[in-house]
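Colleague: Numbering of the sequence shown is given in the working numbering, commencing with residue 1308 and proceeding in unit increments. Note that beta-carbon positions come from the ideal geometry of N, C-alpha and C, so glycine has one too.
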Amino acid sequence: MIDIVHIGLGPLGQMMVRSAVARGTFRIVAAVDSDPAKIGKDLGEFCDIAKLGVPISGNLGEAIYGKSPQAAVVTTVSSLAAFEPQVAQLAKARLPIVSTCEELFYPWRTQSALAKRIDQICRDGGIACVGTGVNPGYLMDFLPTVLTGLCQKVTGIRIWRIQDASVRRIPFQQKIGAGLTVQEFEARHKAGKLRHVGLPESVDFLAARMGWKLDRTTESLEPVMAEREIPGGYKPIAQGMARGVQQVGRGFVGNDEVITLTFKAAVGEPESYEEIRIEGEPTFSSRIAGGINGDIATCAVTLNVVRSILQAGPGLKTMADLAGPSWFTDRK
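#1: Span of the beta strand (DSSP E) holding Ala1398?
#2: Are the CB atoms of Ser1385 and Cys1408 nearer to each other than 8 Å?
#3: Quick check on this structure: which residue in Gly1440, Thr1525, Met1532 and Cys1429 has the alpha carbon closest to the alpha carbon of Glu1410?
#4: Going by DSSP in three states, Leu1629 sits in which element: helix, strand or coil?
#5: Could you check what DSSP says for Gln1618 in three-state terms: helix, strand or coil?
#6: Count the other C-beta atoms from every protein chain shown that fall within 10 angstroms of the C-beta of Phe1333, then say buried if there are 16 or more, exposed otherwise.
#7: Can we say the stretch 1369 to 1384 touches the stretch 1562 to 1582, given the rule of at least three CB pairs closer than 8 Å?
#8: Taking 8 Å as the cut-off, does the stretch 1607 to 1626 touch the stretch 1580 to 1597 (at least 3 CB pairs, one atom from each stretch)?
#9: Can you find a CB in chain C that lies within less than 8 Å of the CB of Val1339?
#10: Mark Arg1468 as exposed unless 16 or more other C-beta atoms lie within 10 angstroms of its C-beta, in which case mark it buried.
#11: My assumption, with CB atoms under 8 Å, is that Gly1556 sits in contact with Pro1507. Please give the rounded CB distance.
#12: Just to confirm, is the Cβ distance from Gly1540 to Gly1486 under 8 Å?
#13: Just grab the DSSP bridge partners of Phe1333 for me.
#14: Val1441 by DSSP, collapsed to three states: which one?
#15: Rounding to the nearest angstrom, what Cα-Cα distance links Phe1449 and Thr1569 in this structure?
#16: Please return the same chain residues whose Cβ sits closer than 7 Å to the Cβ of Ile1428, not counting the five positions on each side in sequence.
#17: What number of angstroms, rounded off, separates the C-alpha of Gly1622 from the C-alpha of Ser1419?
#18: Within 10 Å of its beta-carbon, does Gly1331 have 16 or more other beta-carbons around it, so buried, or fewer, so exposed?
#19: Mark Lys1500 as exposed unless 16 or more other C-beta atoms lie within 10 angstroms of its C-beta, in which case mark it buried.
#20: Decide if Ala1357 is buried, meaning its Cβ has at least 16 other Cβ atoms within 10 Å, or exposed.
#21: Measuring CA to CA, which of Asn1600, Glu1536 and Met1532 is closest to Phe1492?
#22: Is the separation between the beta-carbon of Glu1352 and that of Lys1460 shorter than 8 Å?
#23: If you count every other CB in all the chains shown that lies within 10 Å of the CB of Val1489, and 16 or more means buried, which is it?
#24: Measure the Cβ-Cβ separation of Gly1547 and Leu1521 and say whether it is below 8 Å.
#25: Grab me the residues of Asp1637's own chain with a C-beta within less than 7 Å of its C-beta, minus the 5 sequence neighbours each way, in chain order.
#26: Which two residues bound the contiguous beta strand (DSSP E) that contains Leu1421?
#27: What residues in its chain sit with their C-beta under 7 Å from that of Pro1632, if we drop five residues either side in the sequence?
#28: Provide the residue span of the alpha helix (DSSP H) that contains Arg1495, from first to last.
#29: For Val1339, list the residues DSSP reports as bridge partners.
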C-alpha cells in the first residue's frame, strides 16, 4: 500500500481519487484544495464515494500534519509558472511529485529557465518530480519512443490521436471549444484559453529521445466545424458551430519534417483511434481501434507512475528517466 496526499479536487482530481481508492493499492492519507467551499468536507463523500475519514484541507502543512505520505499526486494547473510554488511547498515537505501539469512533461526547450529552477528546487529538497498523463505523458510521446526500440534506423515519427469528445468530462469539452461560434472560438484562441496543452512538449520529448536537433517547430490550431446539429456532448451544438479542435505539431531537421503530431478532439467524431507510424528500418504502424478514453487513462498513467517516482533520484524527471510504468497491485 502506498500512502499519498492528493492535491487538487476539480473534476479530474475527483476522478483520480475514485481511481486510487478503487485500485486498493493506494491509501489517501491527506487531501488539499484551495477552494473554501471544499475545505472541511470528507474527501470520499465529496468525490461521491464512501466516506474516507480524510478531511479536505486548505493548505499542505495542515493536511499532512502527523501523517507520513510517501508521494503527492497533483491535479491542479496546466501552467508551469503556476505550478512552481506548489513544487516549492512539496519539496520543503520532502514529497516526491507526480503531476498532470501538461507543461511540466518536457519544458526543457519551451521554458528552459523555469525548468532548471524547478529541477534545482527538487534537488535541494531531495525529491523527484514528473509531469505525466495520457497526453502529454504517454500516447503521443513516451509510447512511440518505446516502439522505436524495434528499429535499426528512424527517419520520421507520425502520430494521430483522434477522439470523440462526447465521452470526456465537461471541462475538457469546453477546453477544446465545443459549442462555440466561430467568432467565440477565435476570440478564445487569441486569448490563449483554447487549445490542447502539451503538444510542443511532446514534439521536443520525441526529438530529444531520437537525438534530433530540431531547426524549427510549428503548431497549428483550427476549429472542427459541425456540418449538422450534434446532440451529444455537454450541450447541443448547432450546425456551423465548433464541435472541437484540431492541432498539429511539427518538428523539422533542416527542411525535413521528421515529427508530425495530429491531435483532433471533437464532439460527434465518427471514429476514435490512436495511430503511431514509425518510418525507418523497419517502417511500421501501430493502431488502437476505438481509441483510449483520456480521462480513465490519465488517472491510470498518473497512479502507475507513483511507484516509479519513488524509485527515482532527485530532480525534475521525464518519463524516459523513470522505470517503465505499468499497472500493479499488492492484492494477493
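Modeller: In brief:
#1: Mapped onto the sequence shown, residue 1398 falls at position 91. Where Ala1398 is concerned, there is no enclosing beta strand (DSSP E), although the alpha helix (DSSP H) it sits in stretches over Leu1387 to Lys1399.
#2: The count along the sequence shown starts at 1 and reaches residue 1385 at position 78. The count along the sequence shown starts at 1 and reaches residue 1408 at position 101. Yes, the Cβ-Cβ distance between Ser1385 and Cys1408 is below 8 Å.
#3: Here residue 1410 corresponds to residue number 103 of the sequence shown, with the count starting at 1. Ranking Gly1440, Thr1525, Met1532 and Cys1429 by Cα distance to Glu1410 puts Gly1440 first.
#4: Residue 1629 sits at position 322 when you count from the first residue of the sequence shown. Judged by DSSP in its simplified three-state form, Leu1629 adopts coil rather than helix or strand.
#5: Along the sequence shown, read from residue 1 onward, the residue named residue 1618 stands at position 311. DSSP, reduced to helix, strand and coil, places Gln1618 outside both helices and strands of the structure shown, so it counts as coil.
#6: Locating residue 1333 in the sequence shown gives position 26, where the first residue counts as 1. Buried: at least 16 other Cβ atoms inside 10 Å.
#7: No, the stretch 1369 to 1384 is not in contact with the stretch 1562 to 1582.
#8: No contact exists between the stretch 1580 to 1597 and the stretch 1607 to 1626.
#9: The structure shown contains no chain C; it is built from a single protein chain.
#10: Position 161 of the sequence shown, counted from the first residue, corresponds to residue 1468. Arg1468 should be labelled buried.
#11: For the purposes of this step, residue 1556 is taken as the residue at position 249 of the sequence shown. For the purposes of this step, residue 1507 is taken as the residue at position 200 of the sequence shown. Going by Cβ atoms, the distance from Gly1556 to Pro1507 rounds to 6 Å, so yes, they are a contact pair.
#12: Counting from one through the sequence shown, the residue named residue 1540 turns up at place 233. Counting from one through the sequence shown, the residue named residue 1486 turns up at place 179. Cβ atoms of Gly1540 and Gly1486: closer than 8 Å.
#13: Numbered from its first residue, the sequence shown carries residue 1333 at position 26. DSSP output for Phe1333 lists Ile1309 as bridge partner(s).
#14: As a working mapping, residue 1441 is identified with position 134 in the sequence shown. When secondary structure is reduced to three states using DSSP, Val1441 falls in the coil class, being assigned neither helix nor strand.
#15: Along the sequence shown, one-based indexing puts residue 1449 at 142. Along the sequence shown, one-based indexing puts residue 1569 at 262. Cα to Cα, the separation comes out at about 16 Å.
#16: To locate residue 1428, count along the sequence shown from 1; it is residue 121. Take Ile1428, set aside five residues on each side of it, and the residues of its chain with a beta-carbon closer than 7 Å to its own are Val1394, Ala1395 and Ala1398, in chain order.
#17: Stepping through the sequence shown from its first residue, residue 1622 is reached at position 315. Stepping through the sequence shown from its first residue, residue 1419 is reached at position 112. Answer to the nearest angstrom: the Cα atoms are 14 Å apart.
#18: Translated into positions along the sequence shown, residue 1331 becomes position 24. Exposed, by the Cβ-count rule.
#19: Start at 1 with the first residue of the sequence shown, and residue 1500 comes out as number 193. In summary, Lys1500 is exposed, with fewer than 16 beta-carbon neighbours lying within 10 Å of its beta-carbon over all protein chains present.
#20: Residue numbering aside, residue 1357 sits at position 50 when the sequence shown is read from its first letter. Sixteen is the threshold: since fewer than 16 other Cβ atoms of the shown chains lie within 10 Å of the Cβ of Ala1357, the residue is exposed.
#21: What you label residue 1492 is simply residue 185 of the sequence shown in a count that begins at 1. Here the closest residue by C-alpha is Met1532.
#22: As a position in the sequence shown, residue 1352 is number 45, starting the count at 1. As a position in the sequence shown, residue 1460 is number 153, starting the count at 1. Cβ distance not < 8 Å, so Glu1352 and Lys1460 don't count as in contact.
#23: Residue 1489 sits at position 182 when you count from the first residue of the sequence shown. The Cβ neighbour count for Val1489, taken over all protein chains shown within 10 Å, is under 16; the residue is labelled exposed.
#24: Indexing the sequence shown from 1 puts residue 1547 at position 240. Indexing the sequence shown from 1 puts residue 1521 at position 214. No, the pair does not count as a contact, with Cβ atoms beyond the cut-off.
#25: Your numbering for residue 1637 matches position 330 in the sequence shown. Short of 7 Å from the beta carbon of Asp1637, and not among the five residues preceding or following it, lie these beta carbons of its own chain, in chain order: Met1308 and Thr1332.
#26: Residue 1421 sits at position 114 when you count from the first residue of the sequence shown. Looking at the DSSP string, Leu1421 is not in any beta strand (DSSP E); the run it does join, the alpha helix (DSSP H), is Ser1419 to Gly1432.
#27: To locate residue 1632, count along the sequence shown from 1; it is residue 325. Counting only Cβ-Cβ distances below 7 Å, and skipping sequence neighbours, we find Val1608, Asn1611, Val1612 and Ser1615.
#28: Residue numbering aside, residue 1495 sits at position 188 when the sequence shown is read from its first letter. Per DSSP, Arg1495 belongs to the alpha helix (DSSP H) from Val1489 to Lys1497.
#29: Walking along the sequence shown from the start, residue 1339 turns up at place 32. DSSP output for Val1339 lists Ile1314 and Ser1364 as bridge partner(s).
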